[in-house]
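For reference, the structure discussed in these notes is given below.
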Amino acid sequence: MRFDEQEISLKKFNGKDFVPQSKAKMVEVLAPLASLFVNDAFATAHRCQPSLVGFTEKLPAVAGRVMQRELDYLGKAIDSGPTPRIALLGGSKATDSVTITNNFLEKGVSEVLTGGVVANIFLIASGVDIGKPSTEFIIQHISEYEEVIDSARKLIDNYGERIVLPTDVAINENGLRRGISVEELPTEHAVYDIGLDTLVSYVEKIEKAGTIICNGPMGLFENPEFAAGTRETFNAMANSKGITVVGGGETTMAFNQMGLSSKIEHLSTGGGSCISFMSGETMPALEAMRRSKIRYESK
Numbered sequence: 016m017r018f019d020e021q022e023i024s025l026k027k028f029n030g031k032d033f034v035p036q037s038k039a040k041m042v043e044v045l046a047p048l049a050s051l052f053v054n055d056a057f058a059t060a061h062r063c064q065p066s067l068v069g070f071t072e073k074l075p076a077v078a079g080r081v082m083q084r085e086l087d088y089l090g091k092a093i094d095s096g097p098t099p100r101i102a103l104l105g106g107s108k109a110t111d112s113v114t115i116t117n118n119f120l121e122k123g124v125s126e127v128l129t130g131g132v133v134a135n136i137f138l139i140a141s142g143v144d145i146g147k148p149s150t151e152f153i154i155q156h157i158s159e160y161e162e163v164i165d166s167a168r169k170l171i172d173n174y175g176e177r178i179v180l181p182t183d184v185a186i187n188e189n190g191l192r193r194g195i196s197v198e199e200l201p202t203e204h205a206v207y208d209i210g211l212d213t214l215v216s217y218v219e220k221i222e223k224a225g226t227i228i229c230n231g232p233m234g235l236f237e238n239p240e241f242a243a244g245t246r247e248t249f250n251a252m253a254n255s256k257g258i259t260v261v262g263g264g265e266t267t268m269a270f271n272q273m274g275l276s277s278k279i280e281h282l283s284t285g286g287g288s289c290i291s292f293m294s295g296e297t298m299p300a301l302e303a304m305r306r307s308k309i310r311y312e313s314k
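When the letters of the sequence shown are read in order and numbered with this note's numbering, they come out as residues 16 to 314.
Set out below in structure tokens:
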């Protein structure tokens with residue numbers, strides 16, 4: 016159904032009114048043949064297309080086992096799992112991570128440990144000049160740079176030390192790793208990883224946590240020189256006795272490459288949908304099932 020004409024034309028619908036999707040030809044033809052709509056596609060739950068939300072207007076809708084597992088684990092990791100609940104947020108998708116940080120801390124996550132570009136964003140927001148190369152990289156890759164920095168600054172003002180920033184970093188000095196403290200910034204070299212002191216601190220927090228949710232690597236893990244932050248924090252997660260949840264395509268890829276996937280309690284099947292859920296956004300497919308439940312329970 017992915018390339019069906021109506022599936023494409025309605026996929027950007029606003030998600031507040033599902034009636035147009037319910038009038039798509041595929042829904043009108045197939046709905047009368049079924050008595051129940053089962054949605055087991057968490058990876059597409061952030062989309063608003065006829066095959067995802069149209070049937071819920073005409074049939075009782077329920078979540079499948081994969082969908083149920085995703086919602087159970089992600090929900091538990093954010094707002095009801097064993098404490099302390101901590102999050103590791105890194106990678107290059109810093110705009111998403113700033114939004115996720117806000118939702119996590121609002122929902123009761125104890126601390127957010129930052130790495131990668133996410134850490135650099137919060138360092139800048141806290142008043143640290145990280146240096147021209149890393150700052151220019153962020154400006155080039157984030158279209159609303161000033162707005163993101165301002166949002167990060169407000170989060171620091173609101174939540175303070177619950178947003179944990181690196182105390183030292185690893186820079187790329189002519190292709191080699193060199194560790195420096197945050198006090199030694201700015202630097203003419205790009206920041207590529209968290210530093211060793213920060214790494215030790217993060218591992219200790221992971222070992223004591225009851226629940227750990229991770230989205231994004233701590234540095235440029237693809238380069239062996241700068242893989243230590245990601246490798247060791249991910250190893251700590253894999254060996255943790257707490258509940259461990261991993262979300263995001265880049266993060267899952269890193270766990271797979273390091274041979275650690277089998278030691279994680281839950282690896283999310285969603286990329287964009289996982290980000291949407293962690294950000295606290297209303298997700299069309301989930302909202303459609305919720306409305307279906309209310310509609311058919313009242314009958």
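Ideal Cβ placement from N, Cα and C applies to all residues, glycine included.
To the nearest whole angstrom, what separates the beta carbons of Ile93 and Leu104, a pair I think is in contact under 8 Å?
Contact doesn't hold; Cβ gap of about 12 Å is too wide.
Could you work out which residue in Glu237, Arg168, Glu126 is closest to Arg177 when comparing CA atoms only?
Glu126
Starting from Ser196, trace the beta strand (DSSP E) both ways and give me its first and last residue.
Segment 191-196, the beta strand (DSSP E) holding Ser196.
So which of Ser149, Ala102, Ala56 has the shortest CA-CA distance to Gln83?
Closest option to Gln83, Cα to Cα, is Ala56.
Using DSSP bridges, identify the partner residues of Leu51.
Looking at the DSSP assignment, Leu51 forms no beta bridge with any residue, so it has no partner.
Can you list, in chain order, the residues of its chain with a C-beta nearer than 7 Å to that of Gly131? Leave out the 5 residues immediately preceding and following it.
Gly105, Gly106, Ser107, Gly231, Pro232, Met233, Gly234
May I ask you to verify whether the stretch 255-275 touches the stretch 155-166, counting CB pairs closer than 8 Å and requiring at least 3?
no
Would you grab the beta carbon distance between Ser149 and Val206 for me? Rounded to a whole angstrom, and I think it's under 8 Å.
5 Å
Does the distance from the C-beta atom of Val260 to that of Tyr88 stay below 8 Å?
Yes. Within cutoff.
Quick one: complete alpha helix (DSSP H) runs, 4+ long, within the stretch 191-239?
211-223
Using a Cβ-Cβ cut-off of 6 Å (strictly less than) and excluding sequence neighbours within five positions of Met298, which residues of its own chain qualify?
Ala60, His61, Ser291
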